[in-house]
Amino acid sequence: MEKLVIDTCVFLHFFLGQEKQETVDTLLEHIEARRFFAQISILTITELISILSRKANDETVWKCLNYVFKHFVTIPVTPDIAIPAGFHKAKYAKTNKGFSYIDGIILSTAEITKSTLVTYDPDFKTISEVKVITPEDLL
Numbered sequence: 606m607e608k609l610v611i612d613t614c615v616f617l618h619f620f621l622g623q624e625k626q627e628t629v630d631t632l633l634e635h636i637e638a639r640r641f642f643a644q645i646s647i648l649t650i651t652e653l654i655s656i657l658s659r660k661a662n663d664e665t666v667w668k669c670l671n672y673v674f675k676h677f678v679t680i681p682v683t684p685d686i687a688i689p690a691g692f693h694k695a696k697y698a699k700t701n702k703g704f705s706y707i708d709g710i711i712l713s714t715a716e717i718t719k720s721t722l723v724t725y726d727p728d729f730k731t732i733s734e735v736k737v738i739t740p741e742d743l744l
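In case it helps, this note's numbering puts the sequence shown at residues 606 to 744.
Have a look at this one:
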């Protein structure tokens with residue numbers, strides 16, 4: 606079974622009704638059917654709360670959180686993730702100012718779990734440490 610780390614922006618397309626909502630819905634159906642081993646970084650939870658609280662209502666925030674906790678394995682930030690994340694931030698921020706600390710953590714989470722990173726975030730386009738795909742590539 607293919608192991609995936611799902612980036613925050615994928616959830617946002619679904620829960621905010623954005624452009625790629627239908628594709629993400631199909632991906633989530635596959636995850637619910639356990640066709641993939643789906644994981645997230647614990648910091649994805651923080652990002653989801655922060656963004657959804659500003660762009661949607663509390664009901665949407667809790668709907669998203671309940672869904673994520675039901676269907677995804679949540680990976681904590683350990684030293685094995687935090688240390689390389691700092692190096693990733695330093696490396697990629699040189700050429701990509703949008704690459705954040707949380708991006709570094711999500712990248713390290715995929716790396717340490719030997720997973721494919723699923724994202725729409727262009728900040729991950731130049732990543733070489735793990736396989737990076739969109740939901741469309743996966744489906």
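From the three backbone atoms N, C-alpha and C, an ideal C-beta is built for every residue, glycine too.
Neighbourhood of residue i by C-beta, 8 Å cutoff - its chain only, sequence neighbours within 5 removed
i	result
Thr700	Thr731
Val666	Leu653, Ile654, Leu657 and Ser658
Range of the contiguous beta strand (DSSP E) that encloses residue i
i	result
Ile645	Phe641 to Ser646
Leu609	Glu607 to Ile611
Val678	Val678 to Ile680
8 Å contact criterion, which residue i and residue j should meet: CB distance rounded
i	j	result
Asp728	Asp742	Not really, about 17 Å apart at Cβ, beyond 8 Å.
Thr724	Cys614	6 Å
Val610	Ala715	4 Å
Ile710	Ser646	5 Å
Lys625	His618	4 Å
Separation of residue j from residue i, as counted between CA atoms
i	j	result
Asn671	Leu653	12 Å
Glu664	Ser658	10 Å
Leu648	Ser705	12 Å
Lys675	Ala643	11 Å
Pro740	Cys669	18 Å
Lys702	Lys696	11 Å
Ile650	Ser720	19 Å
Leu744	Arg640	11 Å
Val678	Gln623	24 Å
Val682	Glu627	31 Å
Cut-off 7 Å between Cβ atoms - residues of its own chain near residue i, not counting five sequence neighbours on either side
i	result
Leu621	Lys660 and Ala661
Ser713	Ile686, Pro689, Ala690 and His693
Run of the alpha helix (DSSP H) containing residue i, from where it starts to where it stops
i	result
Thr628	Gln626 to Glu637
Pro727	Looking at the DSSP string, Pro727 is not in any alpha helix (DSSP H), and its letter there is neither H nor E.
Glu741	Pro740 to Leu743
6 Å Cβ shell around residue i - same chain, five flanking residues per side excluded
i	result
Glu734	Glu716
Met606	Phe642
Within-8 Å CB hit, residue i to chain B
i	result
Thr613	The chain inventory of the structure shown lacks chain B, comprising one protein chain alone.
### Task
Go through the stretch 683 to 724 residue by residue and report every complete run of the alpha helix (DSSP H) that reaches 4 residues or more, in order.
Secondary structure in the stretch 683 to 724: the alpha helix (DSSP H) runs of 4 residues or longer, each lying completely within the stretch, are 684 to 698 and 706 to 717 in chain order.
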